[in-house]
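Here the protein sequences line up with chains A and B, keeping their order.
The first sequence lines up with residues 49 to 286 when you count with the working numbering.
The second sequence lines up with residues 49 to 286 when you count with the working numbering.
2 protein chains.
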Amino acid sequence: MANPRLLKRQLSEPTISRLPIYERIAEGWERRGRSSIDSTQLGELAGVTPTTVRRDLAALGSFGQRGSGYDVAILKTRIAEALGYDQEYDVIVVGAGNLGRALVNSNNFLTRGAKLVAVYDQDPKVIGTEVAGQVVQDFQGPIAPVTVAVLCVPAAAVQSVADRLVTQGIHAFLNFAPQVISLPPGYAVHYVDFSIELQILMYHVANGTGPLGGGVLHSLGIATNSARRSVQRTLEKS
Amino acid sequence: MANPRLLKRQLSEPTISRLPIYERIAEGWERRGRSSIDSTQLGELAGVTPTTVRRDLAALGSFGQRGSGYDVAILKTRIAEALGYDQEYDVIVVGAGNLGRALVNSNNFLTRGAKLVAVYDQDPKVIGTEVAGQVVQDFQGPIAPVTVAVLCVPAAAVQSVADRLVTQGIHAFLNFAPQVISLPPGYAVHYVDFSIELQILMYHVANGTGPLGGGVLHSLGIATNSARRSVQRTLEKS
DNA sequence: GGATGTGAAGTAGTTCACAGCC
DNA sequence: GGCTGTGAACTACTTCACATCC
């Protein structure tokens, strides 16, 4: 906890959401044997301006090399430190339906410090079945004391599920149900809502923002576009 | 297309991302027989301040009743109009793996005007199987001319899949692969990246932002980017 | 030369506070 | 009285432009 690895620098929300993207790019760059990357290249690949990249990275301390850019290995390390990838976070998934199973089976979801500890469901037909090496547990039974619970239950059930998990001492939730939940103060919840993402995209399509005007694209807070293609091609060739 | 249903009012990105939440709340409120809701109630349920609610709704025109709040039915209608729920958007899903199947089977995903037209995959073992009443088509074959493609393919494949869909005339993408894709100018892409969402949540847990400080809640992708403007500039210059 | 890091300026979004209307 | 709608103030983030350093 008392790791003086990083100034207690409070990162801004947009910065936090971009760091994982930079990290992923650095990962790919490293795999291809490139040892450094500059803010322009990183910006094109991430879909942001070079200035934004430099501001984001400057918030992690000054480790860029003037004249040549950022060392890829150091870049990865700094982001990992800032985001806490070195720590392990125990995670449970609640709801072993289609989505829950898809998440657990994905090899992209539980990475960078997140460790799956158990999967729960209410349905007797599902309890006891195996998902990605985990035997599905009865949600009414004891709950593992973890950091984060991933909620993949139906919207109608999610509030009561969250309530029970709160009594079990869980303080952070990633909620995939299309339903806002209420929690005691001091608890954290983050929402992922597919249908809203789709609706937002459709809005942009309907209004010229998409196919008409200058290319828009949005992500979890990241816009992309443009000459990035050239850089990407360069990467793919090597 | 030329529906004069709404002033050409350009909604802000954060507003757009909150409107679907309000709409969902209105839906539930209506189901329970309540006929009006005020900005404080709506704000509590949505996790935002009453002022923000009022600003968001004022952008759709003034339809609130001073003294009593917003009529639930009108609220639903106005949001539906603004977001284009009345129009139908044809959608295809590319990639019938765990995630693709989970999305297609979900009854929350394809709603509010989104209509599933076809599901594609490359894998001969998957082609021809049935998913939610759709027979999975060969991705190498002809592609239905739709508005939006939902990409549920592996990260390594997603760029080439998008490239092919561009040649088939598709202009908007919802990308679930953890990989930024590049598209010609004027195309739209929106990203959903589970692992990044989880990482952001873990960051908040690690730093006091979550369990310590005042109750945090983050909604989905508050896509805060004016980077669009810079992208346009870049385009204009080139 | 070439890229970082950063004050200063600009812009978008939120919150305050209150006039106006039901 | 109660709640909306909105100018004004404020806050947060991005972009510009350039001094700085390898």
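Heads up, the beta-carbon is just placed ideally off N, CA and C, and yes, glycines get one too.
Here the structure is a predicted model, which is why all the values come from computation and not from measurement.
7 angstroms Cβ shell around Val-209(A) - same chain, five flanking residues per side excluded: For Val-209(A), where only same-chain residues beyond five positions count, the Cβ hits under 7 angstroms are Val-142, Leu-199 and Val-201.
Closer than 7 angstroms at the beta carbon, the chain B residues around Leu-93(A): Correct list: Val-228.
When the cut-off is 8 angstroms and only beta carbons count, does Ser-60(B) lie next to chain A? The Cβ of Ser-60(B) sits no closer than 8 angstroms to any Cβ of chain A.
Just the C-alpha distance for Arg-103(B) and Ser-116(A), rounded to the nearest angstrom, thanks. Just so you know, the alpha carbons of Arg-103(B) and Ser-116(A) end up roughly 46 angstroms apart.
Is Ser-110(B) buried or exposed, if buried means 16 or more other CB atoms sit within 10 Å of its CB? Label assigned to Ser-110(B): exposed.
Whether or not the stretch 144-154 of chain B and the stretch 117-127 of chain B are in contact is what I'm after, with contact meaning three or more pairs of Cβ atoms, one per stretch, closer than 8 angstroms; do they touch? The stretch 117-127 of chain B makes no contact with the stretch 144-154 of chain B; the number of CB pairs closer than 8 angstroms stays below 3.
For Ala-36(A), which beta-bridge partners are listed by DSSP? Look at the range of chain A in this structure, 49 to 286, and you will see that residue 36(A) is not part of it.
Those runs of the alpha helix (DSSP H) which lie wholly inside the stretch 166-213 of chain A and span at least 4 residues: Runs found: none.
Three-state secondary structure (DSSP) of Tyr-133(B): Coil, per DSSP.
Got a sec: is the Cβ-Cβ distance from Ile-85(A) to anything in chain B below 8 angstroms? Answer no: the Cβ-Cβ gap between Ile-85(A) and chain B never drops below 8 angstroms.
For Ala-106(A), count neighbouring C-beta atoms within 10 Å of its own C-beta (all shown protein chains included) and say buried if the count is 16 or more, exposed if not. Exposed is the call here.
Would you call Asp-169(B) buried or exposed, if buried means 16 or more other Cβ atoms sit within 10 Å of its Cβ? Under the 10 Å beta carbon count, Asp-169(B) is surrounded by 16 or more other beta carbons and is classified as buried.
Just list the residues that DSSP pairs Ser-84(B) with in beta bridges. According to DSSP, which records beta bridges pairwise, Ser-84(B) is partnered with Asp-119(B).
Could you pull the DSSP bridge partners for Gln-113(A) from this structure? Beta-bridge annotation (DSSP): Gln-113(A) is paired with Gly-117(A).
Does DSSP put Tyr-239(B) in a helix, a strand or coil? In the structure shown, Tyr-239(B) sits in a strand (DSSP, three-state: E or B).
Provide the residue span of the alpha helix (DSSP H) that contains Gly-234(B), from first to last. Judged by DSSP secondary structure, Gly-234(B) falls outside any alpha helix (DSSP H); it is assigned neither H nor E.
Round the Cβ separation of Leu-222(A) and Val-196(A) to the nearest angstrom and send it over; I've been treating them as touching at under 8 angstroms. About 6 angstroms; that satisfies the 8 angstroms criterion.
Could you check which residue in Ser-65(B), Thr-99(B), Arg-126(B) and Gly-181(B) has the C-alpha nearest to that of Glu-75(B)? Nearest in C-alpha terms to Glu-75(B), of all of Ser-65(B), Thr-99(B), Arg-126(B) and Gly-181(B), is Arg-126(B).
Please confirm if the stretch 239-257 of chain A is in contact with the stretch 223-243 of chain B, defined as three or more CB-CB distances below 8 angstroms between the two stretches. They touch, by the three-pair rule.
Does DSSP put Leu-151(A) in a helix, in a strand, or in coil? For Leu-151(A), the secondary structure class from DSSP, reduced to helix, strand or coil, is helix.
Close-in-space but distant-in-sequence residues of the same chain around Ala-203(B) (CB under 6 angstroms, 5 per side omitted): Hits under 6 angstroms: Ala-225, Pro-226 and Gln-227.
C-alpha gap between Leu-246(A) and Asn-155(B), whole angstroms: Going by the C-alpha atoms only, they are around 14 angstroms apart.
From Phe-157(B), Ala-192(B), Gln-188(B) and Lys-173(B), pick the residue whose C-alpha is nearest to that of Ala-166(B); which is it? Comparing Cα positions, the closest option is Ala-192(B).
Could you check the C-alpha separation between Val-184(B) and Asp-186(A) for me, to the nearest Å? Distance between Val-184(B) and Asp-186(A), taken at the CA atoms: about 34 angstroms.
In the DSSP assignment, find the alpha helix (DSSP H) that holds Pro-98(A) and state where it starts and stops. Pro-98(A) -> alpha helix (DSSP H) spans 98-106.
Would a check of beta-carbon distances place Gln-135(B) closer than 8 angstroms to chain A? It does: the Cβ of Gln-135(B) has a partner Cβ on chain A nearer than 8 angstroms.
For Leu-213(B), decide whether its Cβ has a neighbour in chain A, counting only Cβ atoms nearer than 8 angstroms. Output row for Leu-213(B): interface = no.
Between the Cα of Gln-72(A) and those of Ser-60(A), Thr-159(A) and Val-139(A), spot the shortest distance and give me the residue it belongs to. Gln is not the amino acid found at residue 72(A); the sequence shown has Arg there. Looking from the CA of Arg-72(A), the closest CA among Ser-60(A), Thr-159(A) and Val-139(A) belongs to Thr-159(A).
Under 7 angstroms by beta carbon: chain B residues contacting Leu-222(A): Per Cβ cutoff of 7 angstroms: Glu-245, Leu-246 and Leu-249.
Would you kindly work out how many angstroms separate the C-alpha atoms of Gln-182(A) and Asp-171(A), rounded to a whole number? A direct Cα-Cα distance of roughly 16 angstroms separates Gln-182(A) from Asp-171(A).
Less than 8 angstroms between CB atoms is the rule here; does Ile-175(B) satisfy it with respect to chain A? No, Ile-175(B) does not count as interfacial toward chain A.
Would you say Gly-132(B) reaches chain A, if we count a Cβ-Cβ gap shorter than 8 angstroms as a contact? The beta carbon of Gly-132(B) sits closer than 8 angstroms to some beta carbon of chain A.
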